[in-house]
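Protein chains in written order, with our numbering: chain A, -2 to 108; chain B, -3 to 105.
C-beta: ideal position from N, C-alpha, C; glycine also.
Some notes on the structure that comes next.
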Amino acid sequence: KAGVTQTPRYLIKTRGQQVTLSCSPISGHRSVSWYQQTPGQGLQFLFEYFSETQRNKGNFPGRFSGRQFSNSRSEMNVSTLELGDSALYLCASSSLAYEQYFGPGTRLTVT
Amino acid sequence: KNEVEQSPQNLTAQEGEFITINCSYSVGISALHWLQQHPGGGIVSLFMLSSGKKKHGRLIATINIQEKHSSLHITASHPRDSAVYICAVAGGSGSRLTFGEGTQLTVNP
């Protein structure tokens, strides 16, 4: 089986812009979770989607949003980018057994 | 106090040494994960535990639910084991993870 893929791998944006990141889970996995990793805050949970529904949400402002499509692919969107949004964004897919498989991440730099 | 505490934060070992990384948590969990992150960012899931002990090659993970504590052991450490090891706990719904700060392991030849 192919692993979790994330696109793009690297991205540079300017403050105030918006960005959309994509995650394709392992075939058959219906749950996709998103995480943000920064040097200061470490890894933090953003949200989880299961069967096109947001099942869990972390403590992030409303500028962070996501969605999941019927093929389980997921996107996350960050609007009105701030310098502090510079981070590695990771997605992970899981089956009903809850073991999580992480993608390679998208490294976002906001200038 | 963080919900997930790891120790030590940094660990330097000589090749061949036995290594232990500890994780304590303060909330009820459905599972505990040990993750490995190499420079460049990619995260690999090493173990998912809800009780007892698991072994994979030179890696062993244990969990004590009553004491809310888990350990990751590496036997016969090797320089390729150098990475950040992260403990993460899953709450009731299973997929939402809360992470420890990670342990930076360096194994010197």
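Short of 6 Å from the beta carbon of LEU28 of chain B, and not among the five residues preceding or following it, lie these beta carbons of its own chain, in chain order: LEU45, ILE59, SER66 and VAL85. With a 10 Å radius around the Cβ and a threshold of 16 neighbouring Cβ atoms, GLU45 of chain A comes out buried. With contacts defined as CB atoms closer than 7 Å, LEU85 of chain A and GLY38 of chain B fail to qualify as a contacting pair. Neighbours of GLY37 of chain B in chain A, taken as residues at a C-beta separation under 8 Å, are given in chain order as GLN34, LEU85, LEU87, PRO101, GLY102 and ARG104.
For SER91 of chain A, the nearest beta carbon of chain B is closer than 7 Å to its own beta carbon. Taking a Cβ-Cβ cut-off of 9 Å, LEU42 of chain B has no neighbours in chain A, whose nearest Cβ is about 11 Å from it. Not one beta carbon of chain A lies nearer than 7 Å to the beta carbon of SER20 of chain B.
In this structure HIS74 of chain B is not in contact with ILE15 of chain B, their Cβ atoms being roughly 10 Å apart against a cut-off of 8 Å. Put simply, the CB of SER30 of chain A is near chain B, with a gap under 7 Å to one of its CB atoms.
Looking at the backbone, the Cα of CYS19 of chain B and that of PRO4 of chain B are separated by about 9 Å.
Here GLY100 of chain A is buried. Its C-beta has 16 or more other C-beta atoms within 10 Å. Neighbourhood of ILE82 of chain B in chain A, by CB distance below 9 Å: GLY39 and LEU40, in chain order.
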